[in-house]
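First up is the structure itself, then whatever we jot down about it.
Number of protein chains: 2
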Amino acid sequence: MGTTHRTLHNRVLAVLGPAIAAGEYACGHTFTLSGLEDGFGVSRTVAREAVRVLESMGLVVSRPRTGIRVRPRRDWSVFDPQLIRWRLAGDARMDQLRSLNELRAAVEPGAAALAAERGPADERARLVVLAEQMTLTGRAGKLDTFMDLDVTFHRRILELSGNEMLAGLSDVVTEVLVGRTSYDLMPHQPRPEALRLHTAVAQAIRDGLPDVAEAAMRAIVTEVSDALKDTRPPQG
Amino acid sequence: MGTTHRTLHNRVLAVLGPAIAAGEYACGHTFTLSGLEDGFGVSRTVAREAVRVLESMGLVVSRPRTGIRVRPRRDWSVFDPQLIRWRLAGDARMDQLRSLNELRAAVEPGAAALAAERGPADERARLVVLAEQMTLTGRAGKLDTFMDLDVTFHRRILELSGNEMLAGLSDVVTEVLVGRTSYDLMPHQPRPEALRLHTAVAQAIRDGLPDVAEAAMRAIVTEVSDALKDTRPPQG
DNA sequence: CGGGAACGATTGATAACACTATTGGTGGTG
DNA sequence: CACCACCAATAGTGTTATCAATCGTTCCCG
Numbered sequence: 002m003g004t005t006h007r008t009l010h011n012r013v014l015a016v017l018g019p020a021i022a023a024g025e026y027a028c029g030h031t032f033t034l035s036g037l038e039d040g041f042g043v044s045r046t047v048a049r050e051a052v053r054v055l056e057s058m059g060l061v062v063s064r065p066r067t068g069i070r071v072r073p074r075r076d077w078s079v080f081d082p083q084l085i086r087w088r089l090a091g092d093a094r095m096d097q098l099r100s101l102n103e104l105r106a107a108v109e110p111g112a113a114a115l116a117a118e119r120g121p122a123d124e125r126a127r128l129v130v131l132a133e134q135m136t137l138t139g140r141a142g143k144l145d146t147f148m149d150l151d152v153t154f155h156r157r158i159l160e161l162s163g164n165e166m167l168a169g170l171s172d173v174v175t176e177v178l179v180g181r182t183s184y185d186l187m188p189h190q191p192r193p194e195a196l197r198l199h200t201a202v203a204q205a206i207r208d209g210l211p212d213v214a215e216a217a218m219r220a221i222v223t224e225v226s227d228a229l230k231d232t233r234p235p236q237g
Numbered sequence: 002m003g004t005t006h007r008t009l010h011n012r013v014l015a016v017l018g019p020a021i022a023a024g025e026y027a028c029g030h031t032f033t034l035s036g037l038e039d040g041f042g043v044s045r046t047v048a049r050e051a052v053r054v055l056e057s058m059g060l061v062v063s064r065p066r067t068g069i070r071v072r073p074r075r076d077w078s079v080f081d082p083q084l085i086r087w088r089l090a091g092d093a094r095m096d097q098l099r100s101l102n103e104l105r106a107a108v109e110p111g112a113a114a115l116a117a118e119r120g121p122a123d124e125r126a127r128l129v130v131l132a133e134q135m136t137l138t139g140r141a142g143k144l145d146t147f148m149d150l151d152v153t154f155h156r157r158i159l160e161l162s163g164n165e166m167l168a169g170l171s172d173v174v175t176e177v178l179v180g181r182t183s184y185d186l187m188p189h190q191p192r193p194e195a196l197r198l199h200t201a202v203a204q205a206i207r208d209g210l211p212d213v214a215e216a217a218m219r220a221i222v223t224e225v226s227d228a229l230k231d232t233r234p235p236q237g
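And the structure:
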């Protein structure tokens, strides 16, 4: 658990947040502060602080006389890291992973292009080294170290993009890659084609070729999407 | 102002948030609750609720004996809508707009592909109508209605992608398009090439051609990036 | 039957206080 | 002189009590 349960209101959030995120309380359901006080055995102040956080995430809205009302999903701040964690922890884990993976697939080609355009030269060169290490550990079938390398590879590209928002997605990508491995959605040995493509991306970025980097990265993410599609239930 | 200043802690946030977001308080700067109480003339409870929200956005961390410390920018939840609004309202407006535009450029081609794959047929068809209207109003030089149409066009594609996270970016796209127009970064008459490309995207999505839609959308966003690049100061 | 005034439930805000974690100093000791 | 244990000051954390503001509901009057 990365989340610090140091404070009481965080412990309330750790229960209430996942419950709402999982849809246990339908849109429109209302809580009352006194209900939360009694339910969690905390004081009004603590209950309110928890509500304030939920409110800032767009999960609920608090109004006098009405109470604390669960908002429709489309109003949620789906990029909030805490909300993402809550959903990854719940039953909707696979759905959240698929959403994140699609987002990642959409974003990474563009990020690779930007990295090739404006990343610092030395950092760009180090990507090639990383890709080589990936090839070695991949061929050796060391899946756990391979995953670590894979994570840093993709993280670093997002960071090299020089765009704070793309860089802000690096946790998302990490979550997807780790989740994918821990759910056995990875082949026991990375496909040679995938290894080759990672090297191609790294070299294109190093050589400052945005279009090539973008195309190669797109090849990577579409391959992954196809792999995930197989695990998808027939009726989505 | 969209933000409801209905509550007192929101009014505190409306001052404190933008100030921190603008970098007026460097990373590492610490506040104290009593300082906030005095500075804003509010009770401790209100100050604490404001801090809780800032904390959930990753802007600050609150610890006993240390106070409320401003965190480094890389820890901020840069996708938080409130934070985005604060930065758009401040001096860094142009930087934020550029970040958002790059994000948008990275995301929209992929979103267009997904929309072509799985959007409902009737909705997909309506995109073509929208594109036609854009062409008409664009040629007529009605810039304000054109912007509205442009906004709904791009919003709807993100929503048609069937991915909640991509759909969650529609406000971002709106912000970018509106900001672009209000800052006179648009030509007085939309370029014919841009109009043609919008129609191409719409038709490809309607016809269920992901790759074509993606390529056409990529052409749109790169054109915009080039246009913005010209307005960029020489030394970034 | 419609509009508006009164009611009451519920959040919003303040104050005062006890508790606790953290830190930094201080003094003793090897 | 360096290091460790202890202590005290400091700020956040949590509780309780009380009043104010808000707003959906209800009920009465025209």
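As you go down the protein sequences, you meet chains D and Z in turn.
Just remember that the numbering used here sits 1 ahead of the position in the first sequence, which is counted from 1.
Just remember that the numbering used here sits 1 ahead of the position in the second sequence, which is counted from 1.
Cβ atoms here follow ideal geometry from the backbone N, Cα and C, with glycine treated the same way.
Remember, it's a predicted structure, so these values are computed and weren't measured experimentally.
Among the bridge pairs identified by DSSP, V62 of chain Z is matched with Z:R70. Taken in chain order, the complete alpha helix (DSSP H) segments of 4 or more residues contained in the stretch 73-114 of chain Z are 82-90. Taking 8 Å as the cut-off, the beta carbon of H199 of chain Z is found closer than this to the beta carbon of A132 of chain Z. Of the candidates Z:R207, Z:I206, Z:E194, Z:Q204, Z:E194 places its Cα closest to the Cα of I221 of chain Z.
L144 of chain Z and R156 of chain Z have their C-alpha atoms roughly 18 Å apart. Distance between A117 of chain D and V213 of chain D, taken at the CA atoms: about 9 Å.
Around the beta-carbon of D208 of chain D, fewer than 16 other beta-carbon atoms lie within 10 Å, marking it exposed. With fewer than 16 neighbouring CB atoms inside 10 Å of its own CB, D96 of chain Z falls in the exposed class.
The stretch 11-24 of chain D and the stretch 79-97 of chain D touch, with three or more beta-carbon pairs separated by less than 8 Å. When the Cα atoms are used, V13 of chain Z and A113 of chain D turn out to be separated by approximately 40 Å. Within the DSSP secondary-structure output, F32 of chain Z pairs in a beta bridge with Z:I69. Nearest in C-alpha terms to G139 of chain Z, of all of Z:D151, Z:F41, Z:A48, is Z:D151.
Around the beta carbon of A141 of chain Z, fewer than 16 other beta carbons lie within 10 angstroms, which makes this residue exposed. Nearest to E56 of chain Z by C-alpha distance, out of Z:L161, Z:V43, Z:L37, Z:W77, is Z:W77. For Q190 of chain Z, no alpha helix (DSSP H) encloses it, and the DSSP letter there is neither H nor E. Inter-residue distance for S162 of chain Z and L104 of chain Z is about 16 Å (C-alpha atoms, whole angstroms).
About 19 Å separates the Cβ atoms of R72 of chain D and H10 of chain Z, ruling out a contact at the 8 Å cut-off.
Nearest Cα to V225 of chain Z within the set Z:P211, Z:S63, Z:V177: Z:V177. For V108 of chain Z, the chain D residues whose Cβ falls inside 7 Å of its Cβ are A107, V108, in order along the chain. CA-CA distance, V173 of chain D to V179 of chain D, rounds to 10 Å. If you draw a 10 Å sphere on the C-beta of D92 of chain Z, you find fewer than 16 other C-beta atoms in it, and that means exposed. Rounded to the nearest whole angstrom, the CA to CA distance from L128 of chain Z to L101 of chain Z is 24 Å. Here R70 of chain D is near V61 of chain D, since their CB atoms are less than 8 Å apart.
If you draw a 10 Å sphere on the C-beta of P82 of chain Z, you find 16 or more other C-beta atoms in it, and that means buried. Between the beta-carbon of T33 of chain D and that of G68 of chain D there is about 5 Å, and that keeps the pair under the 8 Å contact cut.
Taking the CA atoms as reference points, R219 of chain Z sits about 17 Å from L167 of chain D. Fully enclosed alpha helix (DSSP H) runs of no fewer than 4 residues occupy 144-161, 165-168 of the stretch 143-168 of chain D, in order along the chain. Residue state for R45 of chain Z is assigned as helix, using DSSP reduced to three classes. The contact set of G18 of chain D on chain Z, defined by CB atoms closer than 9 Å, is empty, because the minimum CB distance reaches about 10 Å.
E124 of chain Z: member of the alpha helix (DSSP H) spanning 122-141, first to last residue. Put simply, the CB of L34 of chain D is far from chain Z, with every gap to its CB atoms at 8 Å or more. Put simply, the CB of M135 of chain D is far from chain Z, with every gap to its CB atoms at 8 Å or more.
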